[in-house]
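Since the structure comes first, as structure tokens, the remarks are kept for the end.
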Amino acid sequence: MLDGCVPWPGALAERYRAEGYWAEQTLDVLLREGAEQHADRTALVAADGTRFTWAELDAWADRIAAGLVAAGLAPQDRVLVQLPNVPEFVALFFGLMRAQVLPVLALPAHRESEIVPLCELSGAVAYFVAEDDGAGYDYRDLARTVTKAVPSVRQVFVAGDPAEFAPLPEADPIDLPAADPFEPALFLLSGGTTGTPKLIPRTHSDYLYNARASAEVSGFSSDTVYLVALPAAHNFALASPGLLGAMSTGGTVVLAPDPSADTAFELIERDRVTVTAVVPPIALLWMDVVDFMDADLSTLELLQVGGAKFNPEPASRVREALGCDLQQVFGMAEGLLNFTRLDDTDELKTTTQGAPLCPADELLVVDEEGEPVGPGESGELLTRGPYTLRGYYRAAEHNARAFTADGYYRSGDVVRQLPSGHLIVEGRRKDQINRGGEKIPAEELENHLLAHPAVHDAAVVGMPDEVMGERTCAFIVVKGEKAPTLREVTAFLRERGVAAYKLPDRLEVLEEFPQTKVGKVSKVALVRLLTGENG
Ligand code: OOB
């Protein structure tokens, strides 16, 4: 396997192949087969209504692949890709697969403080951006900063007006060698718990399984019209089942620039969307406003909700409010996916976060000592399986902590498993805030806060919030007399290039932090200060 990646042990890899979870195919097959089978049907619809047939998308990806080669990019090279939900994302994705260039999929919300370390860690040789995010943010400015900071990034390609950079490369199609299906095809970002980002290598065969099996369990077919409402670069919208899952069954993919009700409802009506995936706050918002908007959502059959806990009360209102079925999805970029099944009882659909996707997924629920808990008791979820990573990229030291000796990934999620196999997510044992599905590694934000001249110590916790699940509260101990305000702190963080979703919602100044018995900062006690709970 690519240097810096951790392979599955030989015997397990053998088993995954023998049992048919790992096909000897590359991701590229999703577009190639579709183009062969239904060239003239619509594969992709942009937000402005521009339609691409399978043949057109296939030809575009071929031209991009040739363009990448002509631009000097070679198999195994890593590149940073940061595009919003535009057709170029899909064409470039498949162009990269064909040229065997490995994308690191960053989110449009990321800024200098995320992109620079990602380029450094991956050794990225190129950076692909859009001209802007449609809301006034110019990625070419970010590209100027990134190229100055990271010498390995030799080229910048821009979808849209390239300014001093290059447009997306295209050239006359050429014959290209096939990739090894068992080698990494792309890198996803981890939500993270530490001060530095972590990259998740996903192989062709593991990610193909991820997309195809997810599509099957979600009832996708050639009639599926999937709306990409979340960022296409996120595992949920990309392959769980997402746009790749929709492509795997010959469905149609519609790109939404944002998940607001205004935007999404209009596209659902215009393109007769049958299924989409959102995070809980978006589902809540849609249910709140649907009665005041005269949108025809009658084609929508299924709403997939995941990324953060969707509570039973709103979950039980989905069918009545939006006129569609609910499917809960508890997944992670690291691999393991859980889905409620389409034929589950309403009780299971509304009160659980689903059961594992694959018969070969191995799950353990363990206590603080790492010992398995009794049936139905809660504990930390550990998992391994045919589409769950065995190690983060170039992170040997972290991997020693993040995985057990026998290769189980420590998810940091606290769950309880029902006899049916369904999981209920009850909490978290990792130092991360889940702000409506967006993940904020506490340590990373604390490090940024510690760089502020007036901050002596910092501790970041999630505070319970009805809509977002959690919001971010930063506790600080100051150095001098004068404490900075929340405004000053967020301005300081923005200046450092921290993504907007990671900015704290609240700032609290303390004389000193409460401590645990062993003298660590007690985050439990800090959360109690916010909620007013005792004991
Ligand atoms: C998805 O992936 P990530 O990598 O952004 O975040 C994974 C983490 C999980 O470990 C868990 O802490 C949380 O997000 N999570 C949920 C959840 N789905 C994800 N917590 C409670 N209930 C849920 N339904 O978030 C992701 C990837 C693929 C599909 C869906 C979500």
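Under UniProt numbering, the first residue of the sequence shown carries the number 1, and numbering increases by one thereafter.
Glycine included, each C-beta is placed from N, C-alpha and C at the ideal position.
At a threshold of 7 Å, F492 does not count as near the ligand OOB, since its beta carbon sits no closer than that to any of the ligand's heavy atoms. A residue is called buried once 16 or more other Cβ atoms fall within 10 Å of its Cβ, and T516, having fewer, is exposed. In the DSSP assignment, L255 falls within the unbroken beta strand (DSSP E) covering T252 to L255. Assignment of C119 by DSSP, reduced to helix, strand and coil, places it in the helix class.
In this structure the stretch 355 to 362 touches the stretch 336 to 345; the number of beta carbon pairs closer than 8 Å is three or more.
Of D28, G191, D262 and T53, the smallest CA-CA separation from N434 is found for G191. In the three-state DSSP reduction, E313 falls in the helix class (H, G or I).
With contact defined as three or more Cβ pairs closer than 8 Å, the stretch 53 to 67 and the stretch 104 to 115 are not in contact. Distance from the CA of A166 to the CA of A66, rounded to the nearest whole angstrom, comes to 15 Å. By the beta-carbon neighbour count (other beta carbons within 10 angstroms, threshold 16), A451 is exposed. S248 counts as buried, since at least 16 other C-beta atoms from the protein chains shown sit within 10 angstroms of its C-beta.
By the neighbour-count definition (other C-beta atoms within 10 Å, threshold 16), H110 is a buried residue. By the CB criterion at 8 Å, L300 and G331 fall outside the cutoff.
Y501 and R272 have their C-alpha atoms spaced approximately 31 Å apart.
With contacts defined as CB atoms closer than 8 Å, H38 and G250 qualify as a contacting pair. V478 has its alpha-carbon roughly 44 Å from the corresponding atom of Q304. Counting along the chain, L188 sits inside the beta strand (DSSP E) bounded by residues P184 to L189.
DSSP places V489 inside the alpha helix (DSSP H), whose first and last residues are L486 to E495. About 11 Å separates the CB atoms of L510 and A474; that is not less than 8 Å, and the two are not in contact. In the DSSP assignment, the residues bridged to L337 are G331. Assignment of beta-bridge partners to F157 by DSSP yields F128 and A166. Remark: the C-beta of N311 is outside contact range of the ligand OOB, defined as less than 7 Å to any heavy atom. Rounded to the nearest angstrom, the gap between the Cα atoms of S214 and S240 is 6 Å.
Straight across, the Cα-Cα distance linking K148 with D138 is about 17 Å. In the DSSP annotation of this structure, the continuous segment of the beta strand (DSSP E) that includes S411 starts and ends at Y409 to Q417.
In this structure, the straight-line span from the alpha carbon of R212 to that of A11 is close to 23 Å.
E114 sits in a helix when the DSSP states are folded into three classes. Annotation: the continuous alpha helix (DSSP H) that includes M247 extends over G242 to S248. The ligand OOB approaches K439 closely enough that one of its heavy atoms is under 7 Å from the residue's Cβ.
The Cβ atoms of A256 and L227 lie closer than 8 Å to each other. With a cut-off of 7 Å, the C-beta of V509 is classified as distant from the ligand OOB, since no heavy atom of the ligand falls inside that distance.
Collapsing the DSSP output to three states places V527 in a helix. When DSSP states are grouped into helix, strand and coil, E320 belongs to the helix group. Distances from the CB of M468 to the heavy atoms of the ligand OOB are all 7 Å or more. Membership of G469 in any alpha helix (DSSP H) is not indicated; the residue belongs instead to the beta strand (DSSP E) covering G469 to V478.
In the DSSP annotation of this structure, the continuous segment of the beta strand (DSSP E) that includes T42 starts and ends at T42 to V45.
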